[in-house]
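Input: a single structure, listed below in structure tokens.
Numbering (my numbering), first residue to last: 4 to 193.
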């Protein structure tokens, strides 16, 4: 210690030094305008809003994940069924050829397989698209138009390829020939 230093001043209470008012050194224009209690309430409201938003986002994520999982399970076989449809078409052509002799063992065996295929498709939720009545561009693919004797336009005349859907999704549209109104024949040349 130095001689000019007061021994009493070095032993002063350190808490007393900490009690110096920091606001005394800060000009009045820089002093906080809000009450500390209001600041805490604003901070709490901000965090509450953030937690509510996060909870809502998590709830939406949970719902979306559940919905996507249910759809994945519901339509899991869609790709397999899309690949199976051309095989069924070829099988149907074979059935037409074998139908010439319905008493043959080949036809009887193929008919049993056809029934099993139809039961399998039904169990998977696959159904054939109806092809009677009016043409629906959401379900049918018009491959040709033919004049119709009844003059009605937009009716399905015949099916060239069957269409299928799995529950509410389209696997393949039905290819159909659609009627068109007959055009009046022009009169003879003058």
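A virtual CB, placed ideally from N, CA and C, is assigned to each residue, including glycine.
Interface flag, residue i vs chain D, CB-CB below 8 Å
i: residue 95; result: No chain D appears in this structure, which consists of one protein chain only.
Under the three-state DSSP convention, the category residue i falls into
i: residue 165; result: coil
i: residue 26; result: In this prediction, residue 26 scores a pLDDT of 49, lower than 50, which makes its location untrustworthy; the coordinate-derived value is nonetheless stated afterwards. Residue 26: helix per DSSP, three-state reduction.
i: residue 125; result: helix
i: residue 104; result: coil
i: residue 160; result: strand
Range covered by the alpha helix (DSSP H) that runs through residue i
i: residue 130; result: That residue, residue 130, is in no alpha helix (DSSP H); its beta strand (DSSP E) goes 129-131.
i: residue 44; result: 39-77
i: residue 1; result: Since the first residue shown for the chain is 4 and the last is 193, residue 1 is missing from the structure and cannot be characterised.
CA-to-CA distance, residue j to residue i, given in whole angstroms
i: residue 177; j: residue 152; result: 23 Å
i: residue 142; j: residue 87; result: 19 Å
i: residue 62; j: residue 75; result: 20 Å
i: residue 109; j: residue 134; result: 29 Å
i: residue 122; j: residue 70; result: 28 Å
i: residue 66; j: residue 50; result: 24 Å
i: residue 111; j: residue 64; result: 53 Å
i: residue 42; j: residue 58; result: 24 Å
i: residue 95; j: residue 140; result: 25 Å
i: residue 113; j: residue 98; result: 7 Å
i: residue 26; j: residue 40; result: Note that residue 26 scores a pLDDT of 49, beneath 50, so its modelled location is shaky; the value from the coordinates is reported in the next line. Computed Cα separation, rounded: 18 Å.
i: residue 100; j: residue 138; result: 29 Å
i: residue 79; j: residue 89; result: 19 Å
i: residue 149; j: residue 115; result: 36 Å
i: residue 56; j: residue 119; result: 53 Å
i: residue 73; j: residue 144; result: 30 Å
i: residue 146; j: residue 117; result: 27 Å
Distance between beta carbons of residue j and residue i, contact taken as under 8 Å
i: residue 163; j: residue 179; result: 7 Å
i: residue 172; j: residue 37; result: Incorrect: roughly 58 Å between the Cβ atoms, too far for contact.
i: residue 174; j: residue 85; result: 6 Å
Host beta strand (DSSP E) of residue i (start-end)
i: residue 174; result: 172-175
i: residue 137; result: Per DSSP, residue 137 belongs to no beta strand (DSSP E) and is neither H nor E.
i: residue 153; result: No beta strand (DSSP E) holds residue 153; DSSP gives it neither H nor E.
Q) Within the chosen definition, does the segment 94-104 reach the segment 139-159 through at least 3 CB pairs nearer than 8 Å? A) Taking 8 Å as the limit for Cβ pairs, the verdict is that the segment 139-159 does not touch the segment 94-104.
Q: Kindly confirm or deny that the segment 165-173 and the segment 127-135 touch, where touching means at least three C-beta pairs closer than 8 Å.
A: Taking a cut-off of 8 Å for Cβ pairs, the segment 165-173 and the segment 127-135 touch, as three or more such pairs fall below it.
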